[in-house]
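Structure below.
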């Protein structure tokens, strides 16, 4: 066999090997991940005060109280002078954003039931988690306004506790209770001035700021 024949055979063998190499099977596998995000919907649920004028809650409290779900435990004076009521509403921002019950308004005093230095009132409210991920409350901002009389916003001191402190997570589709305590007059619950002797009406509006449980 001449050299040309050997070359042709070598080329045929090489092409045959290449053909065998291309004959191996191959397949591309695809992994798909479906991600569903949770719902985030905190709001105020209920609100009740320890001096709303209802039977058993008439005489003025002398300190912060606690609520068992049916009755208040709080020390009271022998007099029924002040009055504190609470209402839950939806703000304009909440309405435009698709939220509800995001504002808690507390009204203290009236012409018939004025407040005075040393007056205390406590509001027990529930924070409801209508979403499906845990939440915690990180901020409750009070905005104090004077409705009538010559008082000042510094006549009122405010503190929060319980579910309003952000120390505990509220599970999905659950609620937790928190307290807002309001004191009137210099040195009472953080107030730094006394209201005028003529009395007045104050309104404190609270906006709840919540976050998902693991947010920094």
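In my numbering, the protein residues as written are 7 to 222. Where is the CB? At the ideal position from N, CA and C, for every residue including glycine.
In the displayed model, residue 100 falls within a helix according to three-state DSSP.
Note on residue 31: under 16 other CB atoms within 10 angstroms of its CB, so exposed under the neighbour-count rule. In the DSSP secondary-structure assignment, residue 189 is bridged to 126, 163. Residue 143 is classed as buried because its beta carbon has at least 16 other beta carbons within 10 Å across all chains shown. In this structure residue 53 is in contact with residue 129, their Cβ atoms being roughly 6 Å apart against a cut-off of 8 Å. Residue 137 places its beta carbon 8 Å or farther from that of residue 63. As computed with DSSP, residue 200 is found in no beta bridge at all. Straight-line spacing of the CA atoms in residue 90 and residue 178 works out to 31 Å.
With 16 or more neighbouring CB atoms inside 10 Å of its own CB, residue 170 falls in the buried class. Taking residue 198 as the centre and dropping the five residues before and after it, the same chain places the C-beta of 160, 192 closer than 7 Å to its C-beta, in chain order. Counting C-beta pairs with one atom in each stretch, the stretch 97-106 and the stretch 66-80 have fewer than three that are closer than 8 Å, which means they do not touch. For residue 171, the secondary structure class from DSSP, reduced to helix, strand or coil, is helix. The alpha-carbon of residue 211 is positioned some 10 Å away from that of residue 92. If you compare the alpha carbons of 37, 49, 222 with that of residue 104, the shortest gap goes to 49. Around the beta-carbon of residue 182, 16 or more other beta-carbon atoms lie within 10 Å, marking it buried. Residue 155 carries a coil assignment under DSSP once its states are collapsed to helix, strand and coil. Straight through space, the alpha carbons of residue 124 and residue 108 are spaced by roughly 30 Å. Contact between residue 122 and residue 87 holds, since their C-beta atoms are separated by about 7 Å, short of 8 Å. Separation of the CB atoms of residue 202 and residue 190 is rounded to 12 Å, and the pair is thereby denied contact status at 8 Å.
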